[in-house]
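Q:
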Amino acid sequence: MRQLSKHVYAETGYDWANVGAVVTDEGLVLIDCPVRPSNSQHWQNEIRPLSAKGIKYIIGTDYHGDHTTGSAFVEGPTFIAPQRVFDEISRTAGKHPFAKALFVNTLRDQGHTREADEIEAAVVPAPQICFEESMILHLPPLTFEIRRLGGHSPACSVVYVPEEGVLFSSDVAMDSPTPGMRDANVKQWIAALDWIEKLNPGRIVPGHGEIGGLEIVRKLRSYLQELSGVMEKVVRAGRSMEEAVRDPSFDRFFWADASKGAFWAQERRETFQKGLETVYKEARAALAV
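Every letter in the sequence shown is one number past the one before it in full-length UniProt numbering, and letter 62, counting from 1, is 62.
1) Assuming Cys156 contacts Val166 under a Cβ cut-off of 8 Å, what Cβ separation, rounded to an integer in Å, is found between them?
2) When the Cα atoms are used, what is the spatial distance from Asn185 to Ala191?
3) By the three-class DSSP mapping on this structure, what secondary structure does Tyr280 have?
4) Kindly provide the ranges of any beta strand (DSSP E) runs that are 3 or more residues long and lie completely inside the segment 46 to 75, ordered along the chain.
5) How would you label Gly13, buried or exposed, when you count the other beta carbons within 10 angstroms and need 16 or more for buried?
6) Should Ser153 go down as buried or exposed, given a rule of 16 or more other Cβ atoms within 10 Å for buried?
7) In the DSSP output, which residue or residues are listed as bridge partners for Arg246?
8) Quick check on the DSSP output: the beta strand (DSSP E) that includes Arg148 runs from which residue to which?
9) Which residues in the same chain have their Cβ closer than 7 Å to the Cβ of Asn39, if we skip the five residues on either side of it in sequence?
10) Report the rounded CA-to-CA distance for Arg269 versus Pro140, giving the unit in angstroms.
11) By alpha-carbon positions, which one of Asn45, Ile47, Pro37 and Leu30 ends up nearest to residue 302?
12) Could you tell me the boundaries of the beta strand (DSSP E) in which Ile31 lies?
13) Output the distance between the C-alpha atoms of Gly54 and Ile146, rounded to the nearest integer angstrom.
14) Helix, strand or coil for Gln3? Go by DSSP, reduced to three states.
15) Quick check on the DSSP output: the alpha helix (DSSP H) that includes Ala81 runs from which residue to which?
16) With the cut-off set at 8 Å, would you say Leu142 and Val217 are in Cβ contact?
17) Would the segment 42 to 56 and the segment 68 to 78 be scored as touching if the rule is three or more Cβ pairs under 8 Å?
18) Please report how far the alpha carbon of Ser176 lies from the alpha carbon of His208, in whole angstroms.
19) Kindly indicate which three-state DSSP category Val230 falls into: helix, strand or coil?
20) Between the Cα of Trp43 and the Cα atoms of Asn18, Glu26, Tyr160 and Tyr63, which residue gives the shortest distance?
21) I believe Val8 touches Val161 by the beta-carbon criterion, under 8 Å. Please report the beta-carbon distance rounded to the nearest angstrom.
22) Around the Cβ of Ala116, are there at least 16 other Cβ atoms within 10 angstroms (buried) or fewer (exposed)?
23) Using beta-carbon positions only, say whether Ile119 and Val104 come within less than 8 Å of one another.
24) Given that a residue counts as buried once 16 or more other Cβ atoms are within 10 Å of its Cβ, and exposed if not, what is His138?
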């Protein structure tokens, strides 16, 4: 666990998404939660000494499973998230099968059968407090400015604590791995990164990867702009979507951590190709082909 300011802590060492904890006079506010039950227990043990008042809120930043599944393993706090998170969890009765399947199958592939079973059986709670575009949470001595920026997904949101100069960017800004684009809007994503750059936070806790500054934003924006540019050339050349997603021009945009097992590597490849389909459709619409 790393202390970023007087009241803000973050952890980047767990499997899947990064998480945060912010200390207020009324208790702790968590930004997302670890997916694995063992990581969740470790995280709760780490942050428990920070406040005698316990965990007051969890802010979920997206409906993707790496940002919602872990809330099933934390008892008691009020869950805040975009309305789109509520809609997705309610639609699946908290089972969220597609999102959980990724973690369940990866952990089984790695031999972590017990934790895979725990995740599979877990019911992800629906958030009790929701917002459409933004909300502000006042918990002395801090302010939490929560804003849905979209881009990576329609629900993807950031949490800014202005008194501390720290932005939890969720997957709007990430440093690793290959960005998922299955339900992305690249034009909106680039606009969201521009918004963060104008905000100019002192520290950024990305959805994935190491804590840093605006270099995270600029690196991802460059990646998205370059990938979109290649896709526009492919579309102009008259290639079909099936041809485009297998075009070797995109190989340099993909990377997966093979140490996580064969299932993970294959799933990431398939997710990347699904993302290319999304980018292809967006490029065709923009070019009116």
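Just so it is clear, CB atoms sit at the ideal spot from N, CA and C, and this is done for glycine as well.
A: Let me lay it out:
1) Going by Cβ atoms, the distance from Cys156 to Val166 rounds to 18 Å, so no, they are not a contact pair.
2) 10 Å
3) helix
4) 55 to 59
5) exposed
6) buried
7) Looking at the DSSP assignment, Arg246 forms no beta bridge with any residue, so it has no partner.
8) Leu142 to Arg148
9) Tyr14 and Asp15
10) 45 Å
11) What is shown of the chain runs 1 to 289, which leaves residue 302 out entirely.
12) Gly27 to Ile31
13) 21 Å
14) strand
15) Segment Thr78 to Pro82 is the beta strand (DSSP E) holding Ala81; no alpha helix (DSSP H) there.
16) no
17) yes
18) 5 Å
19) helix
20) Asn18
21) 6 Å
22) buried
23) yes
24) exposed
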